[in-house]
Structure formats: C-alpha cells, structure tokens
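Engineer: Residue 253 in this note's numbering sits at position 99 of the sequence shown, and the numbers go up by one each step.
A virtual CB, placed ideally from N, CA and C, is assigned to each residue, including glycine.
In this text, all values refer to a predicted model and were calculated from it rather than measured experimentally.
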Amino acid sequence: MLYNVVVNDWGETTYVPTALGNGLLAAAIAVLLVAAVALARLQAKREKKTDAKSERPENSRYGSGKLTVRQLVFCAMAVALATVLSNIKLFHFPTGGSITLLSMLIACLPGYFFGLGAGLMTGLAYGVLQLLMDPYVLYPMQLVMDYLLAFGALGLSGLFSNTKNGLLKGYLVGVLGRYVFTVASGCIFFASYAWEGWSVLPYSMVYNGIYIFAEASVSIVVILLEPVKAAIGRIRRLTMEA
Numbered sequence: 155m156l157y158n159v160v161v162n163d164w165g166e167t168t169y170v171p172t173a174l175g176n177g178l179l180a181a182a183i184a185v186l187l188v189a190a191v192a193l194a195r196l197q198a199k200r201e202k203k204t205d206a207k208s209e210r211p212e213n214s215r216y217g218s219g220k221l222t223v224r225q226l227v228f229c230a231m232a233v234a235l236a237t238v239l240s241n242i243k244l245f246h247f248p249t250g251g252s253i254t255l256l257s258m259l260i261a262c263l264p265g266y267f268f269g270l271g272a273g274l275m276t277g278l279a280y281g282v283l284q285l286l287m288d289p290y291v292l293y294p295m296q297l298v299m300d301y302l303l304a305f306g307a308l309g310l311s312g313l314f315s316n317t318k319n320g321l322l323k324g325y326l327v328g329v330l331g332r333y334v335f336t337v338a339s340g341c342i343f344f345a346s347y348a349w350e351g352w353s354v355l356p357y358s359m360v361y362n363g364i365y366i367f368a369e370a371s372v373s374i375v376v377i378l379l380e381p382v383k384a385a386i387g388r389i390r391r392l393t394m395e396a
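Structure representation (structure tokens):
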C-alpha cells in the first residue's frame with residue numbers, strides 16, 4: 155500500500171505515504187534529477203548546432219554538452235537546500251503557506267543555469283521532496299496542483315537562462331507560475347476556508363499572494379545585490395565546466 159488514510163486534528167481526511175510510498179517518491183526524485191541534467195545536455199547540443207549553422211562562435215555555456223556529475227550534484231543540492239530553507243519560516247499561516255528564507259530563489263537556479271527543461275524537472279523534484287517531507291493531501295488533484303504544478307512552475311526560470319538579467323526575469327515568471335497554480339488550488343479545494351464576507355477567488359489571491367510575494371520581494375532585493383550577482387555568476391560558470 156502506498157498511503158494511509160488519516161484524520162487530522164481539524165477532522166480532515168488526509169493521505170500520508172507509507173514506507174513504500176516514501177521509497178517510490180525518493181526514487182521519483184532521483185529520476186527527475188537525472189532527467190533534469192539529461193535535458194540540460196540536449197539543450198546544450200541544440201545550442202551548439204545553432205551556433206554552427208549560423209557560423210557564430212561555439213556557445214560554451216555548457217562546456218562540452220556532456221552529462222556531468224557536477225551538474226547532477228548541483229541540481230540535487232539546489233533541491234535539498236531549497237527544502238532546508240523552506241523549513242526556515244519567517245512567517246507561517248496556521249492554515250498553510252509560509253514566508254521562507256529564499257527557498258524559491260534557490261529552486262529557480264537550476265532553470266537559470268541549465269535551461270527550461272532542466273528547470274522544470276528540478277522543480278518537480280523539489281515538489282516531490284516537499285510531498286515526502288511534509289505531506290498535506292486532501293484530494294489527488296490537489297496533490298498535483300500544490301506539489302507538482304506549483305513547485306514545478308518555479309522551473310519556468312529557464313525561459314530566460316540566456317538573456318540579460320535572466321535570473322531576475324526567470325524568478326519573477328517562476329514565482330508567478332507558482333502563484334497561479336496555488337490560487338487555483340485554493341479556489342477549487344479550500345473554498346471553505348475563505349474569510350467571512352469574501353468570495354473564494356479574491357480570498358485565494360490575497361491569502362496566497364501575501365506569503366508568496368512577500369518572500370519574492372525579499373528575494374528580488376537579494377538578487378539585485380552586486381555581491382550576490384557576482385557569486386551566482388561564479389557558481390554558474392563552475393557548473394558549466396565539463
């Protein structure tokens with residue numbers, strides 16, 4: 155059996171993974187991380203072909219374009235560090251949702267470094283690890299929206315991996331992606347929690363916006379700091395080396 159049915163302190167029926175379920179989730183994380191780096195390799199090869207056809211100097215952003223242990227380790231470390239930081243809560247709502255210490259920023263880095271495909275796979279791995287560490291599942295589709303789609307959307311940071319100020323742009327898009335799925339989940343699955351006198355959509359937008367955009371505001375300030383820019387640039391160059 156992959157999960158146990160549990161009634162929590164609020165009288166809600168929730169689903170908690172068993173030891174076998176946790177083992178499968180851990181295996182899924184490993185597969186997603188390998189897929190992330192494999193997609194980074196494919197993007198690198200595609201970029202090299204584009205450079206060759208256009209007779210531009212070869213793009214060295216991914217070194218030789220080979221799957222490297224270094225890139226795999228970086229993706230795994232980003233997922234692990236983002237999870238650790240997600241448990242450092244600067245503010246926590248009793249009914250769910252927290253302002254954490256830059257966890258979303260760390261989760262967006264693989265996409266910025268390695269491209270969209272790698273970012274999405276790493277975001278999914280991050281969501282699965284969140285499910286493994288702190289599951290709160292009322293419905294199967296709520297699991298999909300809150301853990302897979304919402305956290306996976308942070309990988310949209312890869313859309314701007316080759317552009318000027320790409321990390322800032324990618325982070326904003328990734329955060330907005332997470333916000334959209336979280337608001338949708340609030341409307342569909344948590345309508346009964348709406349504040350008195352509030353319709354469910356405004357409630358979900360405000361409730362989820364408070365903690366998501368509060369953390370995003372702090373992260374944007376951090377991203378714009380010159381020492382942070384320089385440090386991220388150095389790490390990026392290190393991970394690109396073959």
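Since T167 sits in a beta bridge, which residues does DSSP pair it with?
Structural biologist: V161
Engineer: Quick one: is I260 buried, meaning 16 or more other Cβ sit within 10 Å of its Cβ, or exposed?
Structural biologist: So I260 ends up on the buried side.
Engineer: Skipping 5 residues on each side, what residues in its chain have a beta carbon closer than 8 Å to that of Q402?
Structural biologist: For the chain, the structure presents residues 155 to 396; residue 402 sits outside this window and is missing.
Engineer: So which of L270, G281, K323, W352 has the shortest CA-CA distance to L196?
Structural biologist: L270
Engineer: When burial is assigned at 16 or more other CB atoms within 10 Å of the CB, is M258 buried or exposed?
Structural biologist: Counting the other CB atoms within 10 Å of its CB gives M258 a total of 16 or more, which places it among the buried residues.
Engineer: Between the Cα of D163 and those of L355, Y290, V337, I386, spot the shortest distance and give me the residue it belongs to.
Structural biologist: Y290
Engineer: Threshold first: 4 residues or longer. Then list the alpha helix (DSSP H) segments lying entirely within the segment 269-333, N to C.
Structural biologist: 270-287, 294-297
Engineer: Tell me which residues share the same chain as V327 and place their Cβ nearer than 8 Å to its Cβ, disregarding the 5 neighbours each side in the sequence.
Structural biologist: L310, S311, L313, F314
Engineer: Let me make sure I understand the geometry here. Which of T249, F267, Y347, D300 has the alpha-carbon closest to that of W232?
Structural biologist: A small correction: the amino acid at residue 232 is Ala; Trp does not occupy that position in the sequence shown. Among T249, F267, Y347, D300, the Cα nearest to that of A232 is on F267.
Engineer: Under the rule that 16 or more other beta-carbon atoms within 10 Å means buried, what is R332, buried or exposed?
Structural biologist: buried
Engineer: Would you kindly work out how many angstroms separate the C-alpha atoms of E212 and K203, rounded to a whole number?
Structural biologist: Because E212 sits at a pLDDT of 46, beneath the cut-off of 50, its placement in the model cannot be relied upon, and the following sentence gives the value as read from the coordinates. Roughly 9 Å separates the two Cα atoms.
Engineer: Measure the C-alpha to C-alpha separation of I386 and S373 and round it to an integer number of angstroms.
Structural biologist: 13 Å
Engineer: What is the C-beta distance between L285 and T168, in whole angstroms, given that I count them as a contact (C-beta under 8 Å)?
Structural biologist: 12 Å between Cβ atoms; not a contact.
Engineer: Only counting the same chain, and skipping five residues up and downstream in sequence, which positions put a Cβ closer than 7 Å to that of A189?
Structural biologist: M275
Engineer: Which two residues bound the contiguous alpha helix (DSSP H) that contains F228?
Structural biologist: 223-240
Engineer: Per DSSP, what kind of secondary structure is L156 in: helix, strand or coil?
Structural biologist: Three-state result, L156: coil.
Engineer: Mapping DSSP to helix, strand and coil, what is F245?
Structural biologist: strand
Engineer: Under a Cβ-count criterion, where at least 16 other Cβ atoms within 10 Å of its own Cβ denotes burial, should A307 be classed as buried or exposed?
Structural biologist: buried
Engineer: What's the C-alpha gap between G217 and R390?
Structural biologist: Because G217 carries a pLDDT of 44, less than 50, the predicted location of this residue cannot be relied on, and no value is offered for it.
Engineer: Can you tell me where the alpha helix (DSSP H) holding S373 begins and where it ends?
Structural biologist: 354-378
Engineer: How is the beta strand (DSSP E) around T254 delimited, first residue to last?
Structural biologist: 252-254
Engineer: Here's a check: name, in chain order, each residue in its chain whose Cβ is nearer than 8 Å to the Cβ of V376, leaving out the five neighbours to either side.
Structural biologist: L256, L259, V382
Engineer: Assuming contact is defined by CB atoms lying nearer than 7 Å, are Y280 and A230 in contact in what I supplied?
Structural biologist: no
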